[in-house]
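Engineer: Residue numbers for the sequence shown follow the working numbering, so the first one is 62 and each next one is one higher.
Once you've had a glance at the structure underneath, I'll fire off some questions.
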Amino acid sequence: MISRRIIRIKAFQILYAYYSTQDNSLNKAEKELFLSIQQTYDLYHHLLTLVIEIADYAEKRIEIRRHKLLPTQEELNPNIRFIKNKLIEKLRYNTKLNSYIHKSKLNWENTPDLVEELYKELIQTDFYNEYMANENQSFIDDKKFVEKIFTKLILLSEDVDSVLEEESIYWNDDVEFVISMITKTLKKINEHSSDELSLMPMFKDEEDRQFAKDLFRKSILNHDEIRGMIDVHSRNWDIERIAFADIIMMQLGLTEFIYFPSIPTKVTLNEYIEISKFYSTDKSRNFINGILDKALKELKEKGKIQKAGRGLIGES
Numbered sequence: 062m063i064s065r066r067i068i069r070i071k072a073f074q075i076l077y078a079y080y081s082t083q084d085n086s087l088n089k090a091e092k093e094l095f096l097s098i099q100q101t102y103d104l105y106h107h108l109l110t111l112v113i114e115i116a117d118y119a120e121k122r123i124e125i126r127r128h129k130l131l132p133t134q135e136e137l138n139p140n141i142r143f144i145k146n147k148l149i150e151k152l153r154y155n156t157k158l159n160s161y162i163h164k165s166k167l168n169w170e171n172t173p174d175l176v177e178e179l180y181k182e183l184i185q186t187d188f189y190n191e192y193m194a195n196e197n198q199s200f201i202d203d204k205k206f207v208e209k210i211f212t213k214l215i216l217l218s219e220d221v222d223s224v225l226e227e228e229s230i231y232w233n234d235d236v237e238f239v240i241s242m243i244t245k246t247l248k249k250i251n252e253h254s255s256d257e258l259s260l261m262p263m264f265k266d267e268e269d270r271q272f273a274k275d276l277f278r279k280s281i282l283n284h285d286e287i288r289g290m291i292d293v294h295s296r297n298w299d300i301e302r303i304a305f306a307d308i309i310m311m312q313l314g315l316t317e318f319i320y321f322p323s324i325p326t327k328v329t330l331n332e333y334i335e336i337s338k339f340y341s342t343d344k345s346r347n348f349i350n351g352i353l354d355k356a357l358k359e360l361k362e363k364g365k366i367q368k369a370g371r372g373l374i375g376e377s
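Shown next, in the form of structure tokens:
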């Protein structure tokens, strides 16, 4: 499912775009946020089928060689461990995956070169050759092999990144997270799993869906109050030289401090510091940490931090 960190990143990206355009429609921006989250969920299903495509390509190559005019003994009796991988077969016949792919019209038909290139790279890897040489493979072996295809081949492929970037502007930064979703999905599949086995839901629960909506809306609706706090606590800095991305992250962080009573302030602080490592400058981490920490102290002194729930004693 889409984690809260990804929700925060999506909110950050759409909020950045919201303030960078003349069309400041809150409803439109909110729809864009949920479209972005939906696209990440689409990519989860899309990449799950990529390993099936690679196996299908391998099978076609076997058939072509088998029907040569003068096939070798090896070509007549090929090693079919990969194309008969039991985990891939579970994915191939999973009704939930097939239904989603059919409805969303996701496919790899327009990228045959990518599938071919991934196959060529795959057969050069040590983990592929070790797997193919194992005559007594189990379902667990099949699963570990497929996990390696995702984590050691697809995740690291610049070709995959290029293709996905062309297909959707929402997929640029999603591959690593989506593959982590995929590996979690693979772990729950076993040799007795039904073809009806459900995949990961888009959100863990309705609370996470509401979190996405509230974080985005409350950040915008309380813009003046929150930006005012940022201005006060960054007065020793040249506000014109502060990265705009940093301001957006601090705006989201302060929104969580004030308006999300069930989220510990430490969690919020750590999350936006981590996000800043990927989406802002080298100095952003210390800057965001310093400003949010000072703002948090002031908010606590004024009694504006009202946290409630398990593990939150002493937060207010």
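C-beta: ideal position from N, C-alpha, C; glycine also.
Using C-beta distances below 6 Å, list every residue in its chain close to P139, excluding the 5 sequence neighbours before and after it, in chain order.
Structural biologist: Excluding positions up to five away in sequence, the list reads I123.
Engineer: If we ignore side chains and look at the alpha-carbon of each, how far apart do N155 and I113 end up?
Structural biologist: Approximately 12 Å between the Cα atoms of the pair.
Engineer: If I measure Cβ to Cβ from E177 and keep anything under 8 Å in the same chain, skipping five residues before and after, which residues do I get?
Structural biologist: Cβ neighbours of E177 beyond the five flanking positions: Y118.
Engineer: Buried or exposed: which applies to N297, given that a residue is buried once 16 or more other Cβ atoms fall within 10 Å of its Cβ?
Structural biologist: When all chains shown are included, N297 counts as exposed.
Engineer: Could you tell me which whole alpha helix (DSSP H) segments of length 4 or greater appear in the segment 193 to 279?
Structural biologist: Listed in chain order, they are 200 to 209, 219 to 228, 236 to 248.
Engineer: Compute the beta-carbon to beta-carbon distance between L148 and S280, rounded to the nearest angstrom, for a pair I have assumed lies under 8 Å.
Structural biologist: Incorrect: roughly 42 Å between the Cβ atoms, too far for contact.
Engineer: Just to confirm the assignment, what range does the alpha helix (DSSP H) spanning E124 have?
Structural biologist: Segment 87 to 127, the alpha helix (DSSP H) holding E124.
Engineer: To the nearest angstrom, how far is the alpha carbon of N283 from that of R69?
Structural biologist: Answer to the nearest angstrom: the Cα atoms are 17 Å apart.
Engineer: Could you give the DSSP three-state label for L76: helix, strand or coil?
Structural biologist: It is helical.
Engineer: Do L260 and K166 have their C-beta atoms within less than 8 Å of each other?
Structural biologist: Not in contact: L260 and K166 (Cβ atoms no closer than 8 Å).
Engineer: Run through DSSP, which three-state label would N159 get?
Structural biologist: It is helical.
Engineer: Does the count of Cβ pairs from the segment 198 to 208 and the segment 228 to 236 closer than 8 Å reach three?
Structural biologist: Touching, no.
Engineer: To the nearest whole angstrom, what separates the beta carbons of S229 and Q100, a pair I think is in contact under 8 Å?
Structural biologist: The pair is a contact, with the Cβ atoms about 6 Å apart (cut-off 8 Å).
Engineer: So what's Y180 in DSSP terms, helix, strand or just coil?
Structural biologist: If DSSP states are grouped into helix, strand and coil, Y180 belongs with the helices.
Engineer: Count Cβ pairs between the segment 89 to 97 and the segment 247 to 264 that sit closer than 8 Å; are there 3 or more?
Structural biologist: No: fewer than three Cβ pairs fall under 8 Å.
Engineer: Assign E226 to buried or exposed, taking buried as 16 or more other Cβ atoms, counted over all protein chains shown, within 10 Å of its Cβ.
Structural biologist: It is exposed - the Cβ of E226 has fewer than 16 other Cβ atoms within 10 Å.
Engineer: For S64, would you say it is in contact with chain B, using Cβ-to-Cβ distances shorter than 8 Å as the test?
Structural biologist: You won't find chain B in this structure, because it holds only one protein chain.
Engineer: Give a yes or no on whether the C-beta atoms belonging to I287 and S295 are separated by under 8 Å.
Structural biologist: No, these two residues do not count as a Cβ contact at 8 Å.
Engineer: Provide the residue span of the alpha helix (DSSP H) that contains M62, from first to last.
Structural biologist: Unbroken run through M62: none, as it is neither H nor E.
Engineer: Between the segment 170 to 184 and the segment 212 to 220, do at least 3 Cβ pairs fall closer than 8 Å?
Structural biologist: The answer is yes - the segment 212 to 220 touches the segment 170 to 184, with three or more Cβ pairs under 8 Å.
Engineer: N310: which of Y320, V328, Y333 sits nearest, CA to CA?
Structural biologist: Reading off the sequence, residue 310 comes out as Met, not Asn. Of Y320, V328, Y333, the residue nearest in Cα terms is Y333.
Engineer: Given a cut-off of 8 Å, decide if K151 and F188 are closer than it, judged by their beta-carbon atoms.
Structural biologist: No, Cβ-Cβ distance for F188 and K151 is not below 8 Å.
Engineer: To the nearest whole angstrom, what separates the beta carbons of L313 and M290, a pair I think is in contact under 8 Å?
Structural biologist: The Cβ separation is near 13 Å, so there is no contact.
Engineer: Which whole-angstrom value describes the C-beta separation of A72 and A356, a residue pair presumed to lie in contact below a C-beta threshold of 8 Å?
Structural biologist: With a Cβ gap of about 19 Å, A72 and A356 do not count as contacting.
Engineer: Please classify T133 as buried or exposed, where buried requires at least 16 other C-beta atoms within 10 Å of its C-beta.
Structural biologist: So T133 counts as exposed.
Engineer: Whole angstroms are fine: how far does the CA of I366 sit from the CA of E317?
Structural biologist: C-alpha separation (whole angstroms): 10 Å.
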